Structures are given as C-alpha cells and as structure tokens.
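**Q** Dumping the structure here so I can ask a few things about it.
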Amino acid sequence: MKKGFHFLLFVSLLFGFEVTNWQIYPTYQWINQIAEKGETIYLATNGGLLLISREGKIFKNYTYQDGLLSHYCQSFAWDREGNLWIATNYRGVLIRRREGFLLYPPERIPSSVRKIIILGDTVVLGTNEGVYFINTRGSFLQPDSHIITNIIRGYIAYSLFSDTFFWVGTGRGIFRASKDLQEIKSYSSPVGDSIKGFIAARETVFICGERGIAYYDQTIDSFFPYFFFPSTLIIYDFQFSNGKFYIASGQGTFIYDGTNFYSLYGDYTTAILLRDYILLGIRGPDNSSGYLVKIEGGEMKAIRFPTIIANCIFSIAKDSEGDIYLSHFFWGGGSLTILSPDTIIPLKDTLPVPDRLVIDQKNRVWVGHWSENGGLSCYDKVSKTWEIFQWGTQTPKNVIGALNIDQKGTKWVWNGIGSLVALDSQRISYEFSIPGLGQCLRGREITFDSKGRVYLGTPNGLLLFDHKGTLSNLSDDTAKILTEGLLSANILSVACDSRDRVWVATPKGLGLLEGERFRVWRPENSGLVSDNCLRLTVDPYDQVWILTEGGLSIYNPQKDSWRSFTPANSPILPNWKNILEFYLSLLVDKSNAYIGTRDGLIVISYKEEVEKEKPLSFTIYPNPLLLDKSSSGRLNIAIENGQDLESMKVEIFTLRGKKVKIKEIEKNKTGFTIEIDKSFSSGFYLLQVREENYPYRSGLGRFVILR
502 MKKGFHFLLF VSLLFGFEVT NWQIYPTYQW INQIAEKGET IYLATNGGLL
552 LISREGKIFK NYTYQDGLLS HYCQSFAWDR EGNLWIATNY RGVLIRRREG
602 FLLYPPERIP SSVRKIIILG DTVVLGTNEG VYFINTRGSF LQPDSHIITN
652 IIRGYIAYSL FSDTFFWVGT GRGIFRASKD LQEIKSYSSP VGDSIKGFIA
702 ARETVFICGE RGIAYYDQTI DSFFPYFFFP STLIIYDFQF SNGKFYIASG
752 QGTFIYDGTN FYSLYGDYTT AILLRDYILL GIRGPDNSSG YLVKIEGGEM
802 KAIRFPTIIA NCIFSIAKDS EGDIYLSHFF WGGGSLTILS PDTIIPLKDT
852 LPVPDRLVID QKNRVWVGHW SENGGLSCYD KVSKTWEIFQ WGTQTPKNVI
902 GALNIDQKGT KWVWNGIGSL VALDSQRISY EFSIPGLGQC LRGREITFDS
952 KGRVYLGTPN GLLLFDHKGT LSNLSDDTAK ILTEGLLSAN ILSVACDSRD
1002 RVWVATPKGL GLLEGERFRV WRPENSGLVS DNCLRLTVDP YDQVWILTEG
1052 GLSIYNPQKD SWRSFTPANS PILPNWKNIL EFYLSLLVDK SNAYIGTRDG
1102 LIVISYKEEV EKEKPLSFTI YPNPLLLDKS SSGRLNIAIE NGQDLESMKV
1152 EIFTLRGKKV KIKEIEKNKT GFTIEIDKSF SSGFYLLQVR EENYPYRSGL
1202 GRFVILR
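The sequence shown lines up with residues 502 to 1208 when you count with this note's numbering.
This is how it looks when you write it as structure tokens:
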C-alpha cells in the first residue's frame, strides 16, 4: 500500500477574454469647416466630427468608434430631412441619421471627397476626380435609386458654389455648369490657378486664389482682378460679411475692406465662421492638435480641446497612480501628453525628440531621446521638475534607441554608437561594447527575466546579456545573439512574462525563446492577422498582445487560443494612408490596452473571466521517508491523469528556498523516482513538478525525511 501525503498541482488559470469598450483619442490638427446650427457649432476636422457649444464645451465627437468610418472629415451639409452628409478622405461620404451612420455606396463615388453642398434634391460633391452630381430623386437615404453624373473629370474640385449656375473652383481655374449640366464652360483666373473659395457679394461672384481676389463681370463673361495680395498666400477659406472679405490662409487670417488689407490673426488658419462673433479654425503645428480662436466684443480667446497633444504616439507608459504618459515628436522639439483620470495635461520636455518612456520605482517617468542633443530626462510630477542625464554634447551616445529599468532600478539603454549602457541609481554609467548587435535603430526594446538577465531586440537577433548581477565586474559577463528558428533576425519588440518566457516580434512572425532556439507562429499556423509583427507585450494574465501591420492579435498560451481585431471586425483605427509602421506603441495593464498610432491613441477596455481548470494531482511516497543516519533511499512521485512526463521537470528545495541537488532521477510509467542520498538531512523539503511545454503548469508538494 502506498502511504504518503496527497498534493494538488497548482490550479491553472484560464481566462475568458471580453472587450467592454473602445475609445479613440484623435487630434484636431485640421479644422476644415465650421458651421452653426441652433446653439451647436459643428466642426469638420481630421479627428472626426466635433459638436461644441459657442463657449467651446464639447457635446460630442463622432469618430471611428462611433461608426464614422473615416474621421478625416472635410466638409458637411444638411439635407432638407435633417440628415447630415459628411465628405471624408478615404471613405467617401457618410450620412448621419438618427439610427447612426450610413456609408454611401463606395463603388458609386470616389473615396476622397473634398467639398459637399446640397441644393434641393441634388447633392454635389467636389472630389479629386471632378464633380459628382447626385440626383436623390427625393429619397436621400436610398442610394440605389440615385442618379449620378460626373463632370470635369481629371480636375481636383476645391470649392463649390451655386447661384443660377453651378460654379467649381479647381487647381486649374474655374468651371461653370448650367443647372441641367448640359452646358459647361471654363474660365481662367487672374489671381492664381487654385480657386479655394466663392462668395456672392455686391451683386456678383467673387473668387479667391493664391494671388488675390477677383470678380465675375457678367457683361463680358470673364473674371477680373479686384485685389492682389502683397505676397502669395495658401488659401483655405473665403468669407464675406459687412463689406469685408475674410481670407483664411497658411499665413494667417486677413481682412480686405475694399481699401485696407490687414492681419486679423497671425497663425495658420483653415476655416472661418462669421456671426455676431468670429470663429477661426487654427491648424496645429507639425502633427499637433488644432484649436479655435473666438473673437467677440473686441476680445480674442483661444478654445483648445481636451485631447492628446499630437497624433503620433511613439511610446506609452503608465505610473502607479493611473496616469498615462505619451511621447510625441515635433521637428526641433517634442512634448508629452499626460492622461490623468480627470484631465489631459500637455507637458513640454526639456530635451529634443522624446521617444522611449518608462516609469521608475519612485513613480517618475524617464524619457529616452532620439537626438545627439538628447540622452535621458526624468520628470517628477510631484515636484514638477525635470532632471537630465547626457553622455556629452552633440554625440551619438545621447541617441537612445531602447530604454528600460530593471528590478534594481538600473536604467539600461542602447545608444547611437551601438553600445549597451547601464546607468545605476548613483548615476554611474557602465558601457558594454558587444560585437554583432548591428546599427542602433529607433524604437527598439529591452526586457529582463526574473534573474536580471537583459534581452535586447536588435536587427541581427535577440541579445541575451547576463552580467551576473554585477555591473563593474566584466570578467564574468556573457553575451549571446540568438536567431535559430527565426524567419527574420530583425527583432522589433521583446517582452518577458511572469514565467520567464521571452517573446519576440519580427517582420516574419511571433517568436518564443525555448532554450536557445525560437518557436515561431505565422498566420498559417496561428491566429495572427499579419506576418509583420510590430509590437508586443504581455498582460498580467500572461496573455501575449501582438500589434501587427494588419491589426491586433492576442494569444493565450495557457489555452493555446487566439483573438484578433482588425478594422474589418472592430473599431481599431485603419491605416488609411498606408503609412509604414502605422501602429507605433503598445501598453497593456489588467483592464486596458493602449495602442499608439500615427493617427491617435486607441484605448481598449477588457476584462478576464477566470475559470478553474480541472485540478491535476500527484502523490509523494513514502512520506515520511525513514532512513538510517548514513543510508540512501528512494522517493516516488506518482503523476495522475496520464500527463506527459516528457515535458515535466522535478526540483527539490529547502523550506528557505535553497535548491537541493538531485543526483539521480528516473522516469517510469506513472511518474518519477528520486535517489535520496546521505546529503539529505532530516527535515521538511519542498518538491516542485513543472511542465516545460504548454501549458507550463507547476505543482508544489512537501515531504519529510527522518533519520
């Protein structure tokens, strides 16, 4: 009879993944149209359709998560039934109804529409492929019954206007069409080829081009100069009120009153609304968010919207208080966005080109900069102060391609000269020159296992660097560059989970380090939506999140199961512009995933439903094990439920956690037999059984030796 204590293997946690919410933080860099309806101001922006009060309070921002299939809104107009028609880049026209958004059949009109006006039953679209006239025949929401006519093909239609004719401003002059579209006539412009605006004033039609303002003389049937600008302007909008012409341009907002030409506002202006007050749409510099300027009663104030500073998000970090840090790049400088639970805070960095972000044990954010004048900066939000650390001035050593902080608080960087550098808590720097790493590239990653070993993703493979816990003693350091099994040695991202499994993202699949060889997943043998894996991370449940060229894939190695999200099945932002490496950064905590793109921030809220797997058990016998003072004995471990013994490993520890060397262990049909020699003294011991293949479960038991 087998006598002994009976132990259960540790319960494996399996998770039921469920997405509970999507949220997109865009920027409003371009404000393309401003209109007022009732008490609400409507803005067509490159970050969606924005509805605000006259004071600037946001009522609603319609974006991709709301069914607006492109948030690149260029123009809009209401039909007589109250439906809002929205002209967009990349997805043509969307119609906002009470039930939500309706996509106009994309096979019937171009995907990029610049302008839209509605005249009775006719919807007129200005596109890159001419003008489209949609005769709705009184049924605005039944596109299949519409009759569509395309005129002036081959011209970009910048502006539209209607009086007794249809007028079209293009990049190569002016066109006029009769209302039945049977007669079309072209006109040259005396004020530049690109006509960005028409207005009806002083009993005629005025146009605005890059060189000035012109008017139409009906008696001669031609356009004549009215006023030439002092210098060429990039025109975006053209309005008229109370005898004054208002011009929105890349050089600012200007007024011409018939006598004087003067500046109203000096920054890049893209749209104008004239009421008893004036609203100007101001473009944000580089890729940063735009804003409004309101002029009323002689006073001028800026209206800025609570959103991220810029649309390109290179790195994301989260501190222990829940604040999210985003890094953005501007030419000649850079900034961070702090997303707090109740506010959004812009933060100006002290060094140029902020890139990598990481939080230290004191809840400070460290920033690595991609600049020879960069290095590291550290922001303390409590004292609101910055500290910088540089390796000289104007040197590649300040170019930070990768940054992370290990368990001891040491900052590790990969710099522009290709060296791996450790900066300890005393600000002492240790440089490790390791051959074979290749050129230092921007946006690479460093991670650590529980033993403190360093893993760096390089274009030549995965560096495994073991400094044996000492930075100053180089004699015992070991370094290996691992590539075996990979289809691409270019490691774009690397992460280590709680079980010390090291995962890598490459342009040709997902890799898992097993020993010194990689196991690889590709779309054909997994749930990956694309070979090109750009970023990955591991969540607190040991699920692997892989950001790919085609979307997001999530792998649960415990269940060997996949979930994927693409623009076709979820609100994840599409790569409309086909930008290389559109998805830039990824951070996942226990309830939210943050995806940084070149077009804004995506926040995915999720939850895990924990299930208990059927317990597996093993028995240790004899237990206690009775031995003479100097004799040896045999200890048996019986694994139940027919588990694969080949994938299991047995280890013994003292109660203080010190590993005890096992001289001899045998596998049999039911488990293992261990030789207990005279080196084992009397006492209690812990025995661990661990699976080395999926699903990596482990169990812990206890036995007693009595001598």
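Quick reminder that beta carbons are idealized off the backbone N, C-alpha and C, glycines included. Note that the structure is predicted; figures quoted are calculated from it, not measured.
Using a threshold of 7 Å, state whether the C-beta atoms of Thr-733 and Ala-749 are closer than that.
**A** no
**Q** Leaving out the 5 sequence neighbours to the left and right, which residues in its chain are closer than 6 Å to Ile-617 when beta-carbon positions are compared?
**A** Ser-576, Ala-578, Trp-586, Ala-588 and Leu-626
**Q** Who are the near neighbours of Val-1205 in its chain, counting only those whose CB is closer than 6 Å to its CB and skipping five residues on each side?
**A** The beta carbon of Val-1205 is closer than 6 Å to those of Pro-1125 and Phe-1185 in its chain, skipping five residues each way along the sequence.
**Q** Please report the straight-line C-alpha distance between Arg-452 and Ile-649, rounded to a whole angstrom.
**A** Since the first and last residues shown for the chain are 502 and 1208, residue 452 lies out of range.
**Q** Would you kindly work out how many angstroms separate the C-alpha atoms of Thr-720 and Ile-696, rounded to a whole number?
**A** 22 Å
**Q** If you draw a straight line from the alpha carbon of Ser-1148 to that of Asn-547, how long is it in whole angstroms?
**A** 54 Å
**Q** Report the residue from Asp-977, Phe-741, Ile-860 and Ser-689 whose alpha carbon sits nearest the alpha carbon of Phe-724.
**A** Checked all of Asp-977, Phe-741, Ile-860 and Ser-689; the closest Cα to Phe-724 is Ser-689.
**Q** With a CB to CB cut of under 7 Å and the five nearest residues on each side skipped, what residues in its chain are close to Arg-712?
**A** Val-692, Gly-693, Phe-729, Phe-730 and Thr-733
**Q** Assign Gly-799 to one of two classes, buried (16 or more other C-beta atoms within 10 Å of its C-beta) or exposed (fewer than that).
**A** Burial is judged here by how many other beta carbons sit within 10 angstroms of a residue's own beta carbon; Gly-799 has fewer than 16 and is exposed.
**Q** Which residue marks the beginning of the beta strand (DSSP E) containing Ile-1073, and which one marks its end?
**A** Counting along the chain, Ile-1073 sits inside no beta strand (DSSP E), nor does DSSP assign it H or E at all.
**Q** Assuming Ala-811 contacts Gln-534 under a Cβ cut-off of 8 Å, what Cβ separation, rounded to an integer in Å, is found between them?
**A** Wrong, their Cβ atoms sit about 22 Å apart, outside the cutoff.
**Q** Quick check: Ile-817 and Thr-838, are their CB atoms within less than 7 Å of each other?
**A** no
**Q** May I have the straight-line CA-CA distance separating Lys-920 from Leu-964, to the nearest angstrom?
**A** Note that residue 920 is Ser in the sequence shown here, rather than Lys. When rounded, the distance between both Cα atoms is 12 Å.
**Q** Where does Tyr-778 land, buried or exposed, given buried means 16+ other C-beta within 10 angstroms?
**A** Per the 10 Å Cβ criterion, exposed.
**Q** According to the Cβ coordinates, are Gly-446 and Tyr-656 closer than 7 Å?
**A** With the chain running from 502 to 1208 in the structure shown, residue 446 is simply not present.
**Q** Suppose you measure from the CA of Val-594 to the CA of Cys-709; what does that come to, to the nearest Å?
**A** 26 Å
**Q** Between Asn-899, Asp-998, Pro-897 and Val-922, which has its C-alpha nearest Ile-906's C-alpha?
**A** Val-922
**Q** Run through DSSP, which three-state label would Asn-590 get?
**A** coil
**Q** Excluding the 5 residues flanking Gly-539 on each side, which residues of the same chain have their C-beta closer than 6 Å to its C-beta?
**A** none
**Q** CA-CA distance, Asp-1090 and Ser-821?
**A** 11 Å
**Q** In whole angstroms, give me the CA-to-CA distance for Ile-1153 and Tyr-826.
**A** 44 Å
**Q** Could you give the DSSP three-state label for Gln-927: helix, strand or coil?
**A** coil
**Q** Here's a check: name, in chain order, each residue in its chain whose Cβ is nearer than 6 Å to the Cβ of Arg-1064, leaving out the five neighbours to either side.
**A** Phe-518 and Ile-1055
**Q** Would you mind working out which of Val-706, Asp-768, Gly-910 and Asp-722 sits nearest Phe-741, comparing C-alpha positions?
**A** Val-706
**Q** Note down, in chain order, each residue of its chain lying with its Cβ closer than 6 Å to the Cβ of Glu-888, except the 5 sequence neighbours on either side.
**A** Cys-879
**Q** Evaluate Phe-806 with the Cβ neighbour count: other Cβ atoms within 10 Å of its Cβ, from every protein chain shown; 16 or more gives buried, anything less gives exposed.
**A** buried
**Q** Taking just the CA atoms, how far does Glu-946 sit from Arg-1036?
**A** 9 Å
**Q** Inspect the beta-carbon positions of Ile-982 and Asn-961 and report whether they are closer than 7 Å.
**A** In contact: Ile-982 and Asn-961 (Cβ atoms closer than 7 Å).
**Q** I'd like to know whether the C-beta atoms of Arg-1208 and Ser-1183 end up nearer to each other than 7 Å.
**A** yes
**Q** Among the residues of its own chain, which have a CB less than 7 Å from the CB of Thr-896, if the five just before and after it don't count?
**A** Glu-873
**Q** List the endpoints of the continuous beta strand (DSSP E) containing Ile-542.
**A** 541–546
**Q** List in chain order: all unbroken beta strand (DSSP E) runs of 3+ residues lying wholly within the stretch 712–741.
**A** 713–718 and 723–729
**Q** Kindly indicate which residue of Asn-562, Glu-556 and Ile-1121 has the alpha-carbon position closest to the one of Leu-544.
**A** Asn-562
**Q** Which residues bound the beta strand (DSSP E) around Arg-1157?
**A** Where Arg-1157 is concerned, there is no enclosing beta strand (DSSP E), given that its DSSP letter is neither H nor E.
**Q** Secondary structure at Pro-1024, three-state DSSP: helix, strand or coil?
**A** helix
**Q** Kindly indicate which residue of Val-794, Ser-789 and Asp-718 has the alpha-carbon position closest to the one of Thr-754.
**A** Relative to the Cα of Thr-754, the nearest Cα in the group Val-794, Ser-789 and Asp-718 belongs to Val-794.
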